[in-house]
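Notes to accompany the following structure.
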Amino acid sequence: MPLIYRYRSKEFAPEEIGVVREQPLTIVVNGRELATLMSTPIKLDCLALGFLAFEGIIRGLEDVTHLEVSPEEGLAEVRIRGGFSPPKRQIYTSGCSGGVTFSNSLLDHAPVLLERTLDPDRIFPLMRLLYEAATLYQQTRGVHAAALADDDRLLIVGEDVGRHNALDKIRGEAMLREIPTAGRILLSTGRISSEMLRKGAHMGTPFIISRTSPTSLSVEGAKRLGITLIGYVRGDGFSLYSHPERMTYSRHARVTVHPD
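Printed below as a string of structure tokens:
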């Protein structure tokens with residue numbers, strides 16, 4: 606671990622501390638370079654698969670005939686069925702570490718119409734579970750964490766320097782482990798942008814929950830797409846931005862409903 610100097614009480618003291626690794630991952634599809642993602646080199650197979658799924662390049666593992674990841678070279682080589690031409694238009698997202706997508710339209714996704722409810726008091730233990738499971742975050746405080754969850758347990762946890770990458774890893778791992786994502790809860794430590802919301806809609810998650818606040822586009826998109834968007838989960842309170850009808854209120858919950 607690198608040596609740093611911690612400043613406390615008007616004094617510097619040497620201290621060893623964990624620093625998160627970051628490196629590029631270039632995704633090559635059918636021999637053609639698609640994108641390079643700045644990422645944390647863990648679960649890179651999940652990252653590549655999730656990215657391809659979110660971009661509509663694959664629908665599932667049945668479309669993939671070969672996947673080989675070389676962390677040392679920062680390369681993910683993927684073979685898919687049928688022809689492939691890299692999209693010409695790239696959109697750089699608001700996420701850290703150079704997020705990229707080829708579509709910024711929330712209208713590409715059908716509304717999430719599941720009749721799914723959630724007790725507000727379930728949210729706080731789920732967020733605590735996320736922080737407990739995010740071991741890299743605990744060691745470095747330098748990554749984002751996300752999770753796919755049921756009401757009382759985490760199913761998949763993803764960590765990365767980029768919050769979009771963390772969701773890609775969740776999507777990819779869900780494909781590899783054949784875990785359905787529709788109807789689940791999506792948790793994140795990072796800000797919910799419109800791109801994060803798009804990925805949640807792609808997975809069919811009716812609840813997206815974060816410890817920070819969402820952007821204006823994500824709030825508007827959540828209302829249109831039927832997603833219950835919850836932010837600023839702190840202590841025993843949170844802010845509810847869309848579709849409050851999904852919450853099964855208990856008399857102990859503290860909820861701020863943001864009006865249309």
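Numbering (my numbering), first residue to last: 606 to 865. C-beta: ideal position from N, C-alpha, C; glycine also.
- Looking at the DSSP output, Met-643 shares a beta bridge with Pro-629.
- CA-CA distance, Ala-640 to Gly-661, rounds to 14 Å.
- Secondary structure at Val-624: coil, using DSSP grouped into helix, strand and coil.
- Taken through DSSP and simplified to helix, strand or coil, Tyr-610 comes out as strand.
- Cβ-Cβ separation between Met-801 and Ser-793: approximately 7 Å, consistent with a contact (criterion under 8 Å).
- Taking 3 residues as the shortest admissible run, the segment 808-848 contains the following complete beta strand (DSSP E) segments, listed from N- to C-terminal end: 812-815, 833-839 and 842-845.
- Pairing Leu-759 with Leu-734 gives a Cβ-Cβ distance under 9 Å.
- In this structure, DSSP gives Gly-805 a helical state, which the three-state scheme calls helix.
- Note that the segment 772-787 touches the segment 642-656; at least 3 beta-carbon pairs, one per stretch, sit closer than 8 Å.
- The segment 785-792 makes no contact with the segment 664-678: fewer than 3 CB pairs, one atom from each, lie closer than 8 Å.
- For Lys-615 and Arg-829, the gap between their C-alpha atoms comes out near 52 Å.
- Residue burial is scored here from C-beta neighbours: Leu-608 has fewer than 16 other C-beta atoms within 10 angstroms and is therefore classed as exposed.
- Counting along the chain, the unbroken beta strand (DSSP E) around Asp-765 starts and ends at 759-765.
- With a contact defined as Cβ atoms closer than 8 Å, Pro-811 and Arg-851 qualify at about 7 Å.
- In the DSSP secondary-structure assignment, Leu-723 is bridged to Met-852.
- The three-state secondary structure of Thr-670, taken from DSSP, is strand.
- Among the bridge pairs identified by DSSP, Leu-680 is matched with Thr-631 and Ser-675.
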